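To start, the structure under review is shown below, and the notes come after it.
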Amino acid sequence: MGLIDTVTDMLQGSGQRAPGGGDGSTASYWCDDCGVRVRDVEVDDEGLDRNEEGTPICPECGESMRFERATGSSCAC
Numbered sequence: 001m002g003l004i005d006t007v008t009d010m011l012q013g014s015g016q017r018a019p020g021g022g023d024g025s026t027a028s029y030w031c032d033d034c035g036v037r038v039r040d041v042e043v044d045d046e047g048l049d050r051n052e053e054g055t056p057i058c059p060e061c062g063e064s065m066r067f068e069r070a071t072g073s074s075c076a077c
């Protein structure tokens, strides 16, 4: 019961959209060094600096962040 029910519950919930998914977000910026993630619609609200190309800079380590689009119908999480 325990493990199978847990896996079943996880699979049933995997197709659901996260709250706030209709806010225009299409992707997130990631820092590969620190693992910091900022959704594209939150970059300005977070007050992140940008490099000369306009890419946000990680607030933890100062490296440029990587833009990654969400795949499928899920949010940019």
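Note that full-length UniProt numbering has the sequence shown beginning at 1, numbered continuously upward. Even glycine gets a Cβ: it sits at the ideal position worked out from N, Cα and C. Computed from a prediction, not measured in an experiment: that's the story for all the values here.
Does DSSP put residue i in a helix, a strand or coil?
i, result
"glutamate 42", "helix"
Across which residues does DSSP place residue i in a beta bridge pair?
i, result
"proline 56", "Arg50"
"glutamate 68", "Ser28"
Might you give, ordered along the chain, the residues of its own chain that have their beta carbon closer than 7 Å to the beta carbon of residue i, omitting 5 neighbours on each side?
i, result
"cysteine 61", "Cys31, Asp33, Cys34"
Skipping 5 residues on each side, what residues in its chain have a beta carbon closer than 8 Å to that of residue i?
i, result
"isoleucine 57", "Leu48, Asp49, Arg50, Asn51, Glu63, Ser64, Met65"
Any idea if residue i is buried or exposed, counting beta-carbon neighbours within 10 angstroms, 16 or more meaning buried?
i, result
"serine 14", "Here serine 14 scores only 48 on pLDDT, less than 50, and its place in the model is too uncertain to base an answer on."
By Cβ distance, which residues of its chain are closer than 6 Å to residue i, with the 5 residues on each side in sequence left out?
i, result
"valine 41", "Asp23, Gly24, Ser25"
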